[in-house]
Amino acid sequence: MAERVPCPDCGADNRAGATTCRLCGDPMNATAAAKPAVQRKLLRRTDFVAAAEANRKATTRLVLLLLAIGATLGYVLGWNLEIFIGDALVVTDSYRAYQQPGHDSIWFLSSWGIWAASIILVLSVIWTLIALRQGDRIVLRITGARPVTVEQEPVLHNVVEEMAIAAGIPKPQVVVIETEALNAFATGLSTRRSAVGVTRGLLDALDRDELQGVIGHELGHIVNLDMRYATAVSTLVGLIALVADAAWRVAYVGGRAGAARRVGGRSGGRGGGGGAAVAILILFLVAALAPVFAKLVQMAVSRQREFLADATSVRLTRNPQGLMSALEKLSKQAAPFPGANRATQHLFIVNPFKHFPEKASRLMATHPPLDARIRRLGNLGG
Amino acid sequence: MELSTVIVIGVLVLLGFYLVSTYNRLVRLRNQVRNGWRQIDVQLKRRHDLIPNLVETVKDYMAYEQETLRQVIEARSRAVATEGKGPEEALPAEQMLSGALGKLFALMENYPDLKANENVSRLMEELSSTENRIAFSRQHYNDSVMAKNTAVESFPSNLVARLFGFRHAAYFEIDTQERAVPKVSLR
Numbered sequence: 003m004a005e006r007v008p009c010p011d012c013g014a015d016n017r018a019g020a021t022t023c024r025l026c027g028d029p030m031n032a033t034a035a036a037k038p039a040v041q042r043k044l045l046r047r048t049d050f051v052a053a054a055e056a057n058r059k060a061t062t063r064l065v066l067l068l069l070a071i072g073a074t075l076g077y078v079l080g081w082n083l084e085i086f087i088g089d090a091l092v093v094t095d096s097y098r099a100y101q102q103p104g105h106d107s108i109w110f111l112s113s114w115g116i117w118a119a120s121i122i123l124v125l126s127v128i129w130t131l132i133a134l135r136q137g138d139r140i141v142l143r144i145t146g147a148r149p150v151t152v153e154q155e156p157v158l159h160n161v162v163e164e165m166a167i168a169a170g171i172p173k174p175q176v177v178v179i180e181t182e183a184l185n186a187f188a189t190g191l192s193t194r195r196s197a198v199g200v201t202r203g204l205l206d207a208l209d210r211d212e213l214q215g216v217i218g219h220e221l222g223h224i225v226n227l228d229m230r231y232a233t234a235v236s237t238l239v240g241l242i243a244l245v246a247d248a249a250w251r252v253a254y255v256g257g258r259a260g261a262a263r264r265v266g267g268r269s270g271g272r273g274g275g276g277g278a279a280v281a282i283l284i285l286f287l288v289a290a291l292a293p294v295f296a297k298l299v300q301m302a303v304s305r306q307r308e309f310l311a312d313a314t315s316v317r318l319t320r321n322p323q324g325l326m327s328a329l330e331k332l333s334k335q336a337a338p339f340p341g342a343n344r345a346t347q348h349l350f351i352v353n354p355f356k357h358f359p360e361k362a363s364r365l366m367a368t369h370p371p372l373d374a375r376i377r378r379l380g381n382l383g384g
Numbered sequence: 027m028e029l030s031t032v033i034v035i036g037v038l039v040l041l042g043f044y045l046v047s048t049y050n051r052l053v054r055l056r057n058q059v060r061n062g063w064r065q066i067d068v069q070l071k072r073r074h075d076l077i078p079n080l081v082e083t084v085k086d087y088m089a090y091e092q093e094t095l096r097q098v099i100e101a102r103s104r105a106v107a108t109e110g111k112g113p114e115e116a117l118p119a120e121q122m123l124s125g126a127l128g129k130l131f132a133l134m135e136n137y138p139d140l141k142a143n144e145n146v147s148r149l150m151e152e153l154s155s156t157e158n159r160i161a162f163s164r165q166h167y168n169d170s171v172m173a174k175n176t177a178v179e180s181f182p183s184n185l186v187a188r189l190f191g192f193r194h195a196a197y198f199e200i201d202t203q204e205r206a207v208p209k210v211s212l213r
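Protein chains in written order, with my numbering: chain A, 3 to 384; chain B, 27 to 213.
Structure, rendered in structure tokens:
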């Protein structure tokens, strides 16, 4: 009987020399085992249905967080506007509250703030709907992909059709990008009208099982409607950036007005002089932080969707090995990808920028590190 | 209006929304199951259509394997006869066809000339893709059946299902025999 070694994470007995635990899938050596707790929690989900469910929940939370950031920004902006120009236009409740010394209302409660937050939320929804109506085919033009016929690429067409059957959706358009780089992408705002593309290098380098895993991943993006998510989220991020910009201006003007008031000795005219200073400080803070947080959330959503597409690929192929070995080949590739740019990077199966510093800017990455993806896939196979 | 009236109306409206959305979900699931079955049928038909081509192409190379080729043709014509008759009758015939084809594929490994033939390799790709499609359409069918059955069984959607007569769907079961690797006699 071989020597038994307990897993550092869950304590299950493992073969000596095993690289990952057979029960929880965590790495057995001590250095790799020192992972953040949250990642370990996700890794322990062993079946793909639960993995997809957990992922969808995570994405929903992130989108709600994004809406909350937008609403907070709107609220603080409206609150400041009320303090600084509200008295010039109309006499509002909270202006009156500021007028009374020793008022007992909550100092940061602002009806203008609530209005502004609501307007931001409504605007987000409308803006997103408009963005979703617009074309999704731009990526095909940008990347220089061209459609191929069944006669030209029978195996690719067959694999795409097989995966479409497994997913229960109409077969997407099949396109090829003529480049040595190994990559693949999917596009389409609905399952009825979509396209998958692979590079020539990928077709040459992968065997049928690996290609099936990659196409399953891309079909996963289509089935999970990731293009919609990406469009909605990037629209929200854009809106937040725009409002934050406006907030900067208000904070600047408001700050100068406040200073002028103090210089003019009229600060006694407003009971809430101190409150106004705090409000403007919060505005500065929120306007500076909101766009950064929004961007971080956007990237986190993108990474979650990559994990989800991997899990969906396994649901379709029931064969994690294919995608795992494909990802391993992708991680070792040398050829650069000339068609890549920042606008389309999130669509690809691996980030098309070769020398993307994975550790340094993990929070700003559109894709999770490949070793983490391969580890989770290995977990699904168990 | 009284507050209680408002609450009662509100509850009724919510109930109506739930009823409509659950009914629509059940209809969608039922259609998904039906469409799943049709997909399997389409792929089985596709396999039937491909086999004569394959036999025609390989028979000159495989003069010594007449018996195997005859088995394939016979299994095919039996499977064709069950087209459109539903899973109970189609299943055994299709399983026999899968077995015969598996044997043929294994024997073809012995003929390097055959594997080098472009026509044959194209047909082989088409047939193995069709085998995959049959497997994947069956997988999708069973996934759809599971989703529908879950909706029909779980509370409270089972009440709506009973109200409108939505029933269980049957899984597409596979015999272990079909999954087994075909035996090849080495003589």
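Just so you know, even glycine gets a beta-carbon here, dropped at the ideal spot from N, CA and C. Just so it is clear, the structure is predicted and the values come from calculations on it, not from any experiment.
Taking the alpha carbon of residue 129(B) as the point to measure from, which residue in 116(B), 92(B), 147(B), 161(B) has its own alpha carbon closest?
92(B)
Reduced DSSP secondary structure (H/G/I, E/B, other) of residue 379(A):
Helix at residue 379(A).
Could you list which residues in chain A have their beta carbon closer than 7 Å to that of residue 158(B), in chain order?
164
Do residue 146(B) and residue 153(B) have their C-beta atoms closer together than 8 Å?
no
Can you name the residues of chain A whose CB is closer than 9 Å to the CB of residue 179(B)?
Simply none; closest approach about 17 Å.
Between which two residues does the beta strand (DSSP E) containing residue 190(B) stretch?
Counting along the chain, residue 190(B) sits inside no beta strand (DSSP E); it lies in the alpha helix (DSSP H) bounded by residues 183-190.
Any C-beta of chain B within less than 8 Å: which residues of the region 60-82 of chain A qualify?
none
Starting from residue 121(B), find everything on chain A with Cβ-Cβ shorter than 8 Å and list it in chain order.
Residues of chain A passing the Cβ test: none, with the nearest at roughly 20 Å.
In angstroms with no decimal places, state the Cα-to-Cα distance between residue 438(A) and residue 220(A).
In the structure as shown, chain A begins at 3 and stops at 384. Residue 438(A) is therefore absent and cannot be evaluated.
For residue 148(B), which residues in chain D fall below 9 Å Cβ to Cβ?
Structure shown: chain D not included; protein chains present are A and B.
Is the distance from the Cβ of residue 245(A) to the Cβ of residue 76(A) below 8 Å?
yes
Contact between the region 179-194 of chain B and the region 61-74 of chain B (3+ Cβ pairs under 8 Å):
Three or more Cβ pairs closer than 8 Å define a contact, and the region 179-194 of chain B falls short of that threshold against the region 61-74 of chain B.
Using only alpha-carbon positions, find the residue among 240(A), 184(A), 68(A) that is nearest to residue 331(A).
Looking at the Cα atoms, 184(A) is the closest of the given residues.
Whole-angstrom C-beta distance between residue 199(A) and residue 182(A), which should lie under 8 Å:
Beta-carbon to beta-carbon, residue 182(A) and residue 199(A) are separated by about 15 Å, too far to satisfy the 8 Å threshold.
Does chain B have any CB closer than 8 Å to the CB of residue 321(A)?
With respect to chain B, the C-beta atom of residue 321(A) has no partner C-beta closer than 8 Å.
Along chain B, which residues have their Cβ under 8 Å away from the Cβ of residue 167(A)?
Residues of chain B with a Cβ closer than 8 Å to the Cβ of residue 167(A) are, in chain order, 65, 69, 159, 162, 163, 166.
Helix, strand or coil: how does DSSP classify residue 146(A) here?
coil
Which residues of chain A have a Cβ atom closer than 8 Å to the Cβ of residue 58(B), listed in chain order?
Residues of chain A passing the Cβ test: 170.
Please work out which residues of its chain come closer than 7 Å, Cβ to Cβ, to residue 157(A), disregarding the five sequence neighbours upstream and downstream, and give them in chain order.
210.
Does the CB of residue 370(A) have a neighbour CB from chain B at under 8 Å?
no
Counting only beta-carbon separations shorter than 8 Å, does residue 226(A) have a partner in chain B?
no
I need the straight-line Cα distance from residue 167(B) to residue 241(A), nearest angstrom please.
C-alpha separation (whole angstroms): 42 Å.
Residue 189(A) and residue 229(A) - do their beta-carbons sit closer together than 8 Å?
yes
Which first and last residues belong to the alpha helix (DSSP H) in which residue 367(A) is found?
Segment: none, residue 367(A) is in no alpha helix (DSSP H) and carries neither H nor E.
Endpoints, the alpha helix (DSSP H) within which residue 106(B) is located:
92-107
Evaluate contact between the region 292-309 of chain A and the region 162-174 of chain A, counting only Cβ atoms and requiring at least three cross-stretch pairs below 8 Å.
no
Can you find the residues in the same chain that come closer than 6 Å, C-beta to C-beta, to residue 386(A), ignoring five residues on each side of it along the sequence?
No statement about residue 386(A) is possible, as the shown extent of chain A runs from 3 to 384 and does not include it.
Please confirm whether residue 160(A) has its beta-carbon closer than 8 Å to some beta-carbon of chain B.
yes
Pick helix, strand or coil for residue 110(B), following the three-state DSSP scheme.
coil
For the structure I just gave you, are there three or more beta carbon pairs, one from the region 315-335 of chain A and one from the region 368-376 of chain A, closer than 8 Å?
yes
Supposed close pair residue 102(B), residue 133(B) - CB separation, criterion 8 Å
No, residue 102(B) and residue 133(B) are not in contact; Cβ-Cβ is about 17 Å, not under 8 Å.
Can residue 72(A) and residue 122(A) be called in contact, C-beta distance under 8 Å?
yes
Using the three-state DSSP reduction, which class does residue 407(A) fall into: helix, strand or coil?
Because chain A in this structure spans residues 3 to 384, residue 407(A) falls outside the shown range and cannot be described.
Residue 175(A), enclosing beta strand (DSSP E) - first and last residue
175-179
So residue 216(A) and residue 351(A) are supposed to be a Cβ contact under 8 Å. How far apart are they, rounded?
6 Å
Bounding residues of the beta strand (DSSP E) (the contiguous stretch that carries residue 187(A)):
Note, residue 187(A): beta strand (DSSP E), 186-192.
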